[in-house]
Each structure stands twice: as structure tokens, then as C-alpha cells.
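All residue numbers for the sequence shown refer to my numbering, where the first residue is 9 and numbers rise by one.
Down below is the structure, laid out as C-alpha cells.
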Amino acid sequence: MKYLLNQLDPTTGFLDRNGCLNMANDLMTRARTTGQSLAMFWLDIDRFKQINESFGYLGGDNFIALVANRLKCKLSNRAEIGRVGADEFVCMVPNLDLVRSEQMATELMRIIEPELELSGIRIRPTVSIGIAILEPDDDTFGFLERADRAKTAAKKQGGNRYVISGSEPLPGRLGIMLVREELEIENKLHTALENGGLQLHYQPIIALDGKVQAVEALMRCRVNGENITPTKFIPVAEKTGLIVRLGEWSLLQGARHARCMSDAGIITKTAINVSRLQLVDPKFSQVLNAALICADVSPKLLELELTESLFMDISDTVQSNLRVARKLGIGLAIDDFGTGYSCLANLKDLPATKLKLDRAFVCVLPHDRRAFSVVKAMAQLGKELGMIIVAEGAETTEQVEALTEAGVDCIQGYIYAKPMDDISLFSWFKERAAL
Ligand code: C2E
Ligand code: MG
Ligand code: MG
Numbered sequence: 009m010k011y012l013l014n015q016l017d018p019t020t021g022f023l024d025r026n027g028c029l030n031m032a033n034d035l036m037t038r039a040r041t042t043g044q045s046l047a048m049f050w051l052d053i054d055r056f057k058q059i060n061e062s063f064g065y066l067g068g069d070n071f072i073a074l075v076a077n078r079l080k081c082k083l084s085n086r087a088e089i090g091r092v093g094a095d096e097f098v099c100m101v102p103n104l105d106l107v108r109s110e111q112m113a114t115e116l117m118r119i120i121e122p123e124l125e126l127s128g129i130r131i132r133p134t135v136s137i138g139i140a141i142l143e144p145d146d147d148t149f150g151f152l153e154r155a156d157r158a159k160t161a162a163k164k165q166g167g168n169r170y171v172i173s174g175s176e177p178l179p180g181r182l183g184i185m186l187v188r189e190e191l192e193i194e195n196k197l198h199t200a201l202e203n204g205g206l207q208l209h210y211q212p213i214i215a216l217d218g219k220v221q222a223v224e225a226l227m228r229c230r231v232n233g234e235n236i237t238p239t240k241f242i243p244v245a246e247k248t249g250l251i252v253r254l255g256e257w258s259l260l261q262g263a264r265h266a267r268c269m270s271d272a273g274i275i276t277k278t279a280i281n282v283s284r285l286q287l288v289d290p291k292f293s294q295v296l297n298a299a300l301i302c303a304d305v306s307p308k309l310l311e312l313e314l315t316e317s318l319f320m321d322i323s324d325t326v327q328s329n330l331r332v333a334r335k336l337g338i339g340l341a342i343d344d345f346g347t348g349y350s351c352l353a354n355l356k357d358l359p360a361t362k363l364k365l366d367r368a369f370v371c372v373l374p375h376d377r378r379a380f381s382v383v384k385a386m387a388q389l390g391k392e393l394g395m396i397i398v399a400e401g402a403e404t405t406e407q408v409e410a411l412t413e414a415g416v417d418c419i420q421g422y423i424y425a426k427p428m429d430d431i432s433l434f435s436w437f438k439e440r441a442a443l
């Protein structure tokens, strides 16, 4: 297809906005006269604003040119491509139905994602994609707008994914704000995932009668001899969507660990942290089942800890994923309760079996009597809803006494044990048994 030279964008050599409109018009007319389908992909590079801010506009332009070149090399004989914004492209492909469009979107993500270098820093570009398939009553703007809206939904879900027009979920509230340090952490997380830099540590949760009710699996990340703390890498993983892969890894490792403990005659649950981004995926229950099968472990030995960000919007998909887990016999714990987004109104709607009171209430005990009253009230409420009450982060005997008086069932904290690797955990259990 030939277009006017003045409709080409100088940075990428693709059609510019006007050119895109003409292209869309031409392809739509052709699709309608031949009776073929037509797919539109609206691509938006994730975190481009931060790349611009970190590397300057020249760096940003170089980055766009590199990404555009990848698209050109792999697609120019199959698709018409245009640049519709600073970091936004449309790509139109005739004769693609919905199934093949989804395959194509995955292919587009693969084309863009290989690592590239910008001013000595390695970056893994990711992209959010909106897909629209031409419908009989679409006009040119309407068709483009549908793809754009689907792209915005993909972005709101954390980016690095595609959404098909018409299936956009309720708007989420995740912002994407990466600075240079975060880009580096993201890169290290990829390295850790690929080179075995991830590990789970375990921290016991102890009932007042001394029984170990569960051990919580906590992820550790070590790259090139450097430890990165979860408080740094978990938020980056959440923002980039990488948490889904990390979470799947954690689920499988945690399930395998539960099996090992049960084989060693240690009867306790393993609690695994699950992020909101994992639970909003309709495929989560399949991932869960796959982990159970791979680890060959009884679901009764597992618990899922749901982080507070889940409370931002509890969609039907989340509800259904949680119901599947409960039906299997997996326990559900509400983590960090009492801070952030956790909300009393939502408590009644979640099939949770455990309530974990946030460390913020515990660390001010026993002196803060108001905090004590809040803990007591939350413990009572949780119990009335049939949940086990856990207090997180107890470090002193005075705190344990206050928590016992407030009516909690279990305590997790440095006073009993810090998180430790699996070998140390087995020794810890052995030493306790010998007492
Ligand atoms: P969390 O799930 O609330 O885990 C408890 C955190 O409190 C852990 O921090 C633990 O080391 C810390 N902690 C426990 N007892 C004490 C204490 O007595 N004093 C103090 N100061 N801290 C205590 P950690 O391991 O740094 O993990 C931080 C958070 O990272 C976790 O909070 C969890 O939200 C997240 N996280 C860790 N692993 C995973 C994972 O596999 N998946 C997901 N989605 N999130 C994870
Ligand atoms: Mg937790
Ligand atoms: Mg917690």
C-alpha cells in the first residue's frame, strides 16, 4: 500500500496520525468489499514516560526508534503500521479472526520484549495492547477508539498484556510509575527468574498452645551477590506485572515445600502470598491446580495470603478464583489487616479462614491502649466470622502477653523465629521436637 511521504513519521518511518487514519479507511473499505475480517492492534509502550524522564527526549526517541525497528523487521510484510502518539502504534492486519488476533498480540509482545540497551542501562520494554476486530457499524474513528479503549484497560491492569475490545474489566487503580532504580530492579528480577536467584524463606506462625499452625513462605531475591529486599522488589514486580510470574514460581515452590514437610512428618500448613494481579486472572485456578498436581500435595496443607491491594476491587473473577481455592480445601488468609485498603465491609464477602492483623498495631503494644482496644475488637470480629486470628510482627514477651489478652489465636514474629531457608527450618523443627 502506498502513502504520501508527508504522512510518514520521521523517527520511525511509519505512517503518522493522519496517515493512520487514511490507512484505516483504505483497509476498512477493502475488508468490507472482500468480506474479509480486519484486526486493529493499538500498542502503547509501558513506562515510556519514565524512560523519557530518565534518559531525556533524545534517549526516548532512540528507544522508540529501536522498538519501531523491531516491529518493522518482523511485521512489515504482514501488517500496516503507524505511529499514533509518542509511544503508541497501531498495527492493522487483514484476514485475522479473534483467535488469531490473540496469537498475534502475543507475538507482538514477544517481538518487543527482548532486552535493549540505552545509555549503558539494559531495559526490557513491555507493551499494552488493545485489540479490536472490525464490526459492521464501525466508522474509522469508532474502530480506532475501540482499540484505544481496550489498550487503556490493558494498561490499567498493570500493562504487559492485551485486552480485547468489549471485554474490558472494571477500571483498576494501578498507576505505572517507574524511575531508573525501578527499571534496574525489574531487570534484576528477570535475571533472578532466569538464573535461579529466587528463594523462599519460611517463618513459623505459632498458636498460643505452642503448635506451629503454619509457616509463611516469603520470597527472597539475590542477583550477582546482592540481596534485594521484598519491600523493594515486590512493588516493582506489582507495577510491571512480573509479580504474576514470581507468584506462580512461589506457588509451585511453596506447594513443593508443603509436600516435603509432610513427607518429613511435620504436620503444618504452608502459607503462600498471592498478589491481586494473580487473582484477577481467570486462569488463576488452573495455575493453582497445576501447582497442586506438580507438587502432589494435599490442598489442605496450603493457605493463600491475600494482600490488601486485593480490596481495591473484588471482581467476580477474584471471587470465583477464591471460591475454587476454598472448594479445594485451601485456606485463605487476609494479610496486613487493618491498614491500607482492607475494609470491614468486604470481610463478609470473602470466604477467608484467617485474619492477619498488621504489624503496625503490634509494634506499639503494650503501651498504646487504643491500639490494644482495636486489636481486641478486630480479634473478636474475626472470630465471630469464623476466622483464626494471627498477630504479625511480635518481637517482645510483653507484646505476646498483650496479644494473648486481646484474644488472638496465633503469633508470627521475630520473638519466635525470623524467616529462614528450608534447611534451617527443618533444623528449627527438629530442635523444638527435642525440647
Ligand atoms: P507479609 O506477607 O505481611 O509478610 C510478613 C513480613 O513481616 C515479612 O517481611 C517478615 O519478614 C516480616 N516480619 C515478620 N515478623 C516480624 C517482626 O517481628 N518484626 C519485623 N520488623 N518484621 C517481621 P518480608 O519477608 O520482608 O516481606 C515483605 C512483604 O513482601 C510481605 O509481607 C509480602 O506482602 C511480600 N511478599 C513476600 N513474599 C511474597 C511472595 O512470594 N508473593 C507476594 N505477592 N508477596 C510477597
Ligand atoms: Mg503475608
Ligand atoms: Mg502481613
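Note that the Cβ used here is the ideal one computed from N, Cα and C, for glycine as well.
- Annotation: the segment 289-337 contains the following complete segments of the alpha helix (DSSP H) (minimum length 4 residues), in chain order: 292-303 and 324-336.
- Considered as a whole, the segment 78-110 harbours no complete run of any alpha helix (DSSP H) with no fewer than 4 residues.
- Collapsing the DSSP output to three states places C268 in a helix.
- Taking S435 as reference, the option from P212, P243, T347 and A76 with the minimal CA-CA separation is P212.
- Those residues having their beta-carbon less than 6 angstroms away from any non-hydrogen atom of ligand 3 are, in chain order, D343, D344, K364 and E400.
- Between R78 and I119 the beta-carbon gap is near 5 angstroms, inside 8 angstroms, which marks them as a contact.
- Proximity to A158 across S175, R228 and M386 peaks at S175, based on C-alpha coordinates.
- A check of alpha carbon separations from I137 across E123, D145, L116 and A333 identifies L116 as the nearest.
- Taken from the Cβ of E246, every heavy atom of ligand 2 lies 7 angstroms or farther away.
- Residue pairing by DSSP places I141 opposite A47 in a beta bridge.
- When the beta-carbon positions are compared, E403 and Y422 come within less than 8 angstroms of each other.
- Annotation for C28: the continuous alpha helix (DSSP H) segment containing it runs R25 to T42.
- DSSP places K391 in no beta strand (DSSP E) but in the uninterrupted alpha helix (DSSP H) bounded by R377 to E392.
- Three or more Cβ pairs drawn from the segment 332-350 and the segment 304-316 lie within less than 8 angstroms of each other, which places the two stretches in contact.
- Taking 7 angstroms as the cut-off, one finds no heavy atom of ligand 2 near enough to the beta carbon of E311.
- At a cut-off of 7 angstroms, the beta-carbon of S283 counts as near ligand 1: some heavy atom of the ligand is closer than that.
- Rounded to whole angstroms, L260 and F292 show a C-alpha spacing of 13 angstroms.
- Proximity of the beta carbon of Y210 to ligand 1 is not indicated: no heavy atom of the ligand is located closer than 7 angstroms.
- Taking 8 angstroms as the upper bound for CB-CB distance, P238 and L226 are in contact here, some 7 angstroms apart.
- Per the coordinates, the alpha-carbon of I72 lies some 26 angstroms from the alpha-carbon of T148.
- A360 is a Cβ neighbour of M395, given a cutoff of 8 angstroms.
- Between ligand 1 and S432, a heavy atom-to-CB distance of less than 7 angstroms is absent.
- The Cβ atoms of T134 and V220 lie no closer than 8 angstroms to each other.
- Here DSSP, grouped into helix, strand and coil, assigns T361 to coil.
- C99 places its beta carbon less than 8 angstroms from that of F49.
- The three-state reading of DSSP puts R253 in helix, counting H, G and I together.
- Using a 10 angstroms sphere on the CB of E413, the tally of other CB atoms stays under 16, which defines it as exposed.
- Checking the DSSP bridge columns, you'll see Q207 partnered with R228.
- Residue pairing by DSSP places V220 opposite I214 in a beta bridge.
- Secondary structure note for G150: its alpha helix (DSSP H) is the uninterrupted segment T148 to K164.
- About 28 angstroms separates the beta carbons of Y424 and I251, which is beyond the 8 angstroms limit, so they are not a contact pair.
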